[in-house]
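Residue numbers (our numbering): 846 to 1167.
For glycine and all other residues, C-beta sits at the position ideal for the given N, C-alpha and C.
Computed from a predicted model, the values in this text were never measured in an experiment.
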Amino acid sequence: MSVTDAVVRLAIIMGFFLVVPLVVGQMEHKAMAHMQSRVGPMYAGAFHGWAQLVADGVKFAQKEDVVPAAADRRVFQLAPAVALIPYLVALVTIPVGPGTQVGRNLDAGLFFVLAVMGVGVLGSLMAGWASANKYSLLGGIRSAAQLMAYELPMILAASSVAMAAGTLSLTGIAESWHWYWLPWQAAGLFVFFVSGLAELQRPPFDMPVADSEIIFGAYTEYTGIRFALFLLAEYAGIVLLSLLTAVLFLGGWKGPFYFGLGAAGFGWFWTLAKTLVLAFLVIWLRVSYPRLREDQLQKLAWTTLIPLALAQIALTGILKVV
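This is the structure we're talking about:
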């Protein structure tokens, strides 16, 4: 790969990283509004408030950046970057189309992405510990407990589809995918997507930021642009989870037809379409289900998702041998 090619790929990934999470955020504003019989943002950007998130970003940038006097200043300031940057790094290895339509195709790309996604959760732990606030600390502890509970079923579910494909390369998994994988990998899809929601602390798994109990958890003491970075990390996480689910379990760029342009030319459309549909599902779940209690959250992981993931691996092993 030449230097020019690498720079172009990184520029495209950066543009995707900066634009698509904002699209998902705007979709969340409007979808939640309509589901709750509201109009949502209407004025910023004129046409149905399309620039609302941009206006929010400008607002956050103008606010004072306050660091609590008792906080661990360096860790407190570093936490938002730790929460956000891993999602950008993970995008480098996720293919949006066949062939060279990927930043970097790694032989162990699946494990690399899962490992990097786990690093992003550390931003919440750092923020909770460094804030010198008991509510923030409680939020950080809840984040740690949630990470430990849901990382295992997520890895097990991903291992199942990697076993079916016979490779850990994300490109290889998408190329090996067939439509008949949908029924016998359905349990793995369910476990992976639910575990991803829990790792992102999205409703109904938002115990670490339960405003009725611990104000806003690990982010209580954050203001200005650092708080905005945490919000951007949340939307970037939704995009990454949806994109990874589409590649692993829904065939990535494979669709029923390609409008005469061929898979290589139009495959990215199906990847993006599947990603946005899954992102909408994340939003729909936020509106539809109440927050789980902490004991319910842990019980779901250890008594339901992990056994389901193990059963999926066993089924995959049997079918591969047969």
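Quick one: using the 10 Å Cβ neighbour count with 16 as the cut-off for buried, is M859 buried or exposed? Counting from one through the sequence shown, the residue named residue 859 turns up at place 14. Around the beta carbon of M859, fewer than 16 other beta carbons lie within 10 angstroms, which makes this residue exposed.
Roughly how many angstroms lie between the CA atoms of V1127 and L1042, to the nearest whole one? On the sequence shown, position 282 is the one that residue 1127 refers to. On the sequence shown, position 197 is the one that residue 1042 refers to. Near 8 Å, if we compare the C-alpha coordinates of L1042 and V1127.
Cβ neighbours of L867 in the same chain (closer than 8 Å, five flanking residues each side left out): The residue you call residue 867 lines up with position 22 of the sequence shown. So the list reads L898, V899 and Y1080, once near-sequence residues are dropped.
Proximal residues to S1040 (C-beta, below 8 Å), its chain only, five neighbours per side dropped: In the sequence shown, the residue the question calls residue 1040 occupies position 195. Excluding the 5 residues flanking it on each side, S1040 has same chain C-beta neighbours closer than 8 Å at Y995, E996, P998, M999, A1002, A1146 and L1150, in chain order.
Short check: CB of E1044 to CB of V966, under 8 Å? Here residue 1044 refers to the residue found at position 199 when the sequence shown is read from its first residue. Here residue 966 refers to the residue found at position 121 when the sequence shown is read from its first residue. Yes. Within cutoff.
Ordered along the chain, which non-local residues of its own chain (more than five positions away) have a Cβ less than 8 Å from that of T938? Against the sequence shown, residue 938 aligns to sequence position 93. By the criterion of a C-beta distance shorter than 8 Å, T938 is surrounded in its chain by V947, G948, R949, N950, L951, G954, F957, V958 and L1015, once the five residues flanking it on both sides are discounted.
Kindly indicate which residue of F1072, R1047 and I1158 has the alpha-carbon position closest to the one of R1136. The residue you call residue 1136 lines up with position 291 of the sequence shown. From the listed residues F1072, R1047 and I1158, the smallest Cα separation to R1136 is found for R1047.
Measuring alpha carbon to alpha carbon, tell me which residue in L936, Y932, Y980 and K979 is nearest G968. As a first step, residue 968 must be located in the sequence shown, where it is residue number 123. Of all alpha-carbon atoms in L936, Y932, Y980 and K979, the one lying nearest the alpha-carbon of G968 is that of Y932.
Report the rounded CA-to-CA distance for L1117 versus A1031, giving the unit in angstroms. Taking the sequence shown and counting its residues from 1, the one referred to as residue 1117 is at position 272. Taking the sequence shown and counting its residues from 1, the one referred to as residue 1031 is at position 186. So the two alpha carbons sit approximately 21 Å from each other.
Rounded to the nearest angstrom, what separates V869 and W1129 at their Cα positions? As a working note, residue 869 is residue 24 in the sequence shown. As a working note, residue 1129 is residue 284 in the sequence shown. Their Cα atoms are separated by approximately 12 Å.
Nonlocal neighbours in the same chain, by C-beta distance under 6 Å from T1068, ignoring five residues either side: As a first step, residue 1068 is located in the sequence shown; it is residue number 223 there, counting from the start. Correct list, in chain order: K908 and V911.
Euclidean distance between Cα positions of K1119 and Y980: Within the sequence shown, residue 1119 is the residue found at index 274, counting from 1. Within the sequence shown, residue 980 is the residue found at index 135, counting from 1. Spanning the alpha carbons of K1119 and Y980 requires a straight line of approximately 37 Å.
Give me the Cα-Cα distance between A1012 and L923, rounded to the nearest whole angstrom. The count along the sequence shown starts at 1 and reaches residue 1012 at position 167. The count along the sequence shown starts at 1 and reaches residue 923 at position 78. Before going on, a small fix: residue 1012 reads as Thr here, not Ala. Computed Cα separation, rounded: 36 Å.
DSSP-derived helix/strand/coil call for D910: Start at 1 with the first residue of the sequence shown, and residue 910 comes out as number 65. For D910, the secondary structure class from DSSP, reduced to helix, strand or coil, is coil.
In three-state DSSP terms, what is T1016? Within the sequence shown, the letter at position 171 stands for residue 1016. Reduced to three states, the DSSP call for T1016 is helix.
Could you give the distance in angstroms between the alpha-carbon of G1112 and the alpha-carbon of V941? Here the question's residue 1112 lines up with position 267 in the sequence shown. Here the question's residue 941 lines up with position 96 in the sequence shown. Their Cα atoms are separated by approximately 7 Å.
How about G1062 and A1073: do their beta carbons lie closer than 8 Å? As a working mapping, residue 1062 is identified with position 217 in the sequence shown. As a working mapping, residue 1073 is identified with position 228 in the sequence shown. Using a Cβ distance threshold of 8 Å, G1062 and A1073 do not count as a contacting pair.
Coil, strand or helix - R1047 by DSSP: In the sequence shown, the residue the question calls residue 1047 occupies position 202. Of the three classes helix, strand and coil, the one that applies to R1047 here is coil, per DSSP.
Since A1078 and A928 are thought to touch, with beta carbons under 8 Å apart, how far apart are those beta carbons, to the nearest angstrom? For the purposes of this step, residue 1078 is identified with residue 233 of the sequence shown, where counting begins at 1. For the purposes of this step, residue 928 is identified with residue 83 of the sequence shown, where counting begins at 1. About 4 Å; that satisfies the 8 Å criterion.
Quick check on the burial criterion: 16 or more other C-beta atoms within 10 angstroms. Buried or exposed for K875? Sequence index remark: in the sequence shown, residue 875 carries index 30 (1-based). With 16 or more Cβ atoms within 10 Å of its Cβ, K875 is classed as buried.
Verify whether the separation of the beta carbon atoms of A1091 and G1082 is less than 8 Å. Reading the sequence shown from its first residue, position 246 is the one you call residue 1091. Reading the sequence shown from its first residue, position 237 is the one you call residue 1082. The answer is no: Cβ separation not under 8 Å.
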